[in-house]
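Student: Right, I'll just put the structure down here and ask away after.
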Amino acid sequence: MLEEVFQSMNTAVEKSRDALKQSLSRIRTGRANAAMLDPVRVDYYGTRTPLNQLATISTPEPRLLLVKPFDRTAVSAIEKAIQAADLGLNPTSDGDLIRIPVPALTEERRKEMVKLVRKTGEEGKVVVRNHRRDGNEAIKKLETASDISKDEAARALKQMQDITDEAIAEVDKLVKAKEDEVTEI
Numbered sequence: 182m183l184e185e186v187f188q189s190m191n192t193a194v195e196k197s198r199d200a201l202k203q204s205l206s207r208i209r210t211g212r213a214n215a216a217m218l219d220p221v222r223v224d225y226y227g228t229r230t231p232l233n234q235l236a237t238i239s240t241p242e243p244r245l246l247l248v249k250p251f252d253r254t255a256v257s258a259i260e261k262a263i264q265a266a267d268l269g270l271n272p273t274s275d276g277d278l279i280r281i282p283v284p285a286l287t288e289e290r291r292k293e294m295v296k297l298v299r300k301t302g303e304e305g306k307v308v309v310r311n312h313r314r315d316g317n318e319a320i321k322k323l324e325t326a327s328d329i330s331k332d333e334a335a336r337a338l339k340q341m342q343d344i345t346d347e348a349i350a351e352v353d354k355l356v357k358a359k360e361d362e363v364t365e366i
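Going by this note's numbering, the sequence shown opens with residue 182, and the numbers climb by one from there.
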């Protein structure tokens, strides 16, 4: 019974950590990153298609993205979609390839990005705490139903807190790494 509670807690924490990593990867730093183009959807033959399904995206230099469409006829549509995505990027094409120089972030923009990173991290912590609350409620229900003793419940609640503390430390580590990446010039 308790094992199921801990297993569901660990699974939920792992999913929320992965979601946080994904959210943080979308936050723009001064470096080119293929994940920057994840939100771009291209109108390809009447269908809104993710850019990564229409082209390979590479980063040959720290401040340059290179988009190589599988279909040369999609170059102009991809270029328009990148401009319309409002990412602050200016693509240029030579017919086959689309080059996207990534401008350096200003000091003010870096500060905004750090705030966004911290906010995203705090949201991740709230999710972890909500999972802890759900786990604690499940443990208390087991205790109320006399399925476990008070001592077992107390140990389980402490173990739940330890899992939470570990997860929050992991969130802090991810946030700190992203902050360092954003503030790096």
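For glycine and all other residues, C-beta sits at the position ideal for the given N, C-alpha and C.
Got a sec? Which residues, its chain only, sit under 6 Å from R212 by beta carbon, not counting five neighbours each side?
Tutor: If we look at R212 and ignore the five residues flanking it on each side, its Cβ neighbours are P243.
Student: Do you know how far the Cα of E362 is from the Cα of A265?
Tutor: 26 Å
Student: Name the one or two DSSP bridge partners that A236 has.
Tutor: P250
Student: Along the chain, where does the alpha helix (DSSP H) that runs through T301 open and close?
Tutor: E288 to T325
Student: Please state whether DSSP places V223 in a helix, a strand or coil.
Tutor: DSSP places V223 within a strand segment (E or B) once states are collapsed to three.
Student: Which residues mark the beginning and the end of the alpha helix (DSSP H) in which R244 is found?
Tutor: For R244, there is no enclosing alpha helix (DSSP H), as DSSP gives it neither H nor E.
Student: Under DSSP, the alpha helix (DSSP H) around R198 begins and ends at which residues?
Tutor: L183 to R207
Student: When burial is assigned at 16 or more other CB atoms within 10 Å of the CB, is L245 buried or exposed?
Tutor: Per the 10 Å Cβ criterion, exposed.
Student: With three or more C-beta pairs closer than 8 Å as the rule, is the stretch 300-318 touching the stretch 211-230?
Tutor: no
Student: Take P220 as the anchor and find which of I281, G227, T228 and R207 has the nearest alpha-carbon.
Tutor: R207
Student: Would Y226 be called buried (16 or more neighbouring beta carbons within 10 Å of its own) or exposed?
Tutor: exposed
Student: Do you know how far the Cα of S204 is from the Cα of I263?
Tutor: 20 Å
Student: If you drop the 5 nearest sequence neighbours on each side, which residues of the same chain put their C-beta closer than 6 Å to that of K249?
Tutor: A236, T237 and L278
Student: Does the Cβ-Cβ distance between G305 and L201 come in under 8 Å?
Tutor: yes
Student: Determine the closest residue to K196 out of M341, V308 and K292, with distance taken between C-alpha atoms.
Tutor: With distances taken between Cα atoms, K196 lies closest to V308.
Student: Are there 16 or more other CB atoms within 10 angstroms of the CB of P272, so buried, or fewer, so exposed?
Tutor: buried
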